[in-house]
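Residue numbers (my numbering): 8 to 257.
The following block contains the structure:
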């Protein structure tokens, strides 16, 4: 990320995580801490003094998290690291996050929306993430892939693509560490990362169908034609664009 880097915590309360970064990472030049709740400002400042950290390294904001990120989409203002933890679904913040992060920057995302991503409210999941989940045994992996799908489609709109480093899902939350890069050429191939999952209603069997494949020639474009040979596509798939029940057992 370079010799010196900037970091933003989009939605904090006590700010202890941000203060720990300032104390333990000497290359951290500055950190922007944001919380829409003005009452947390006094708590954060007290913690800042107790830890003997200079206020010059901290920029404290009390605005909507999206405003905090949209105001830094200019290349000279982008952050090297963005910590995104909204204590709820992060779906409304992804568009701003992928624009406010620098080329090669790191997104650290905590998403608290397990019930929706694991298939209990499919209509809500579709409205938030553009996918329809299934309450199956693979719901933990499914929730991560759906979130990655939503994040990548947001990044692709701006000629950017994502590279997952580490993704963890537990009972209530998902934790993702994602690098974001600029490359319109690679964005054209991101369609190969998207799949449909057809799940049997009578047994645990399911089938994965890729939405497209890379075709040589014709400028090397990605083809979105009907493609059923999933052997070369499943290892690349990030998210379930559409999960549907298959009434005939396979």
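Note that beta-carbon positions come from the ideal geometry of N, C-alpha and C, so glycine has one too.
Everything numeric in this text was worked out from a predicted model, so none of it was measured.
From the DSSP output, in three-state form, read off residue 66 for me. Secondary structure of residue 66 (DSSP, three-state): strand.
Going by DSSP in three states, residue 154 sits in which element: helix, strand or coil? helix
Output yes or no for whether 8 Å exceeds the beta carbon distance between residue 206 and residue 218. no
Roughly how many whole angstroms lie between the Cα atoms of residue 37 and residue 54? 17 Å
Could you compute how far the alpha carbon of residue 230 sits from the alpha carbon of residue 204? Annotation note: pLDDT 47 at residue 230 (below 50); position unreliable, coordinate value reported separately. Near 19 Å, if we compare the C-alpha coordinates of residue 204 and residue 230.
Nearest to residue 177 by alpha carbon, out of 81, 148, 98 and 109? Closest by C-alpha distance to residue 177, out of 81, 148, 98 and 109, is 148.
Complete alpha helix (DSSP H) runs within the region 35-99 (minimum length 4 residues, chain order): 47-57 and 72-77
The alpha helix (DSSP H) with residue 212 in it runs from where to where? No alpha helix (DSSP H) holds residue 212; DSSP gives it neither H nor E.
Segments assigned beta strand (DSSP E), at least 3 residues, entirely inside the region 124-183: Segments of the beta strand (DSSP E) lying fully in the region 124-183: 167-176.
Could you tell me the distance, in whole angstroms, from the CA atom of residue 235 to the CA atom of residue 40? Any answer about residue 235 is weak, because its pLDDT of 34 lies below 50 and its placement is not dependable; what the coordinates show is given next. Approximately 47 Å, taken between the alpha carbons.
Taking residue 114 as part of the beta strand (DSSP E), name the residues at either end of that continuous run. 108-118
Rounded Cβ spacing between residue 180 and residue 119 (contact assumed at less than 8 Å): 5 Å
Are the Cβ atoms of residue 194 and residue 221 separated by less than 8 Å? no
Residues near residue 170 in its chain [Cβ-Cβ closer than 6 Å; skip 5 each side]: Here the set comprises 186.
Using C-beta distances below 6 Å, list every residue in its chain close to residue 16, excluding the 5 sequence neighbours before and after it, in chain order. 25, 40 and 90
Does residue 27 come out as helix, strand or coil in the three-state DSSP assignment? helix
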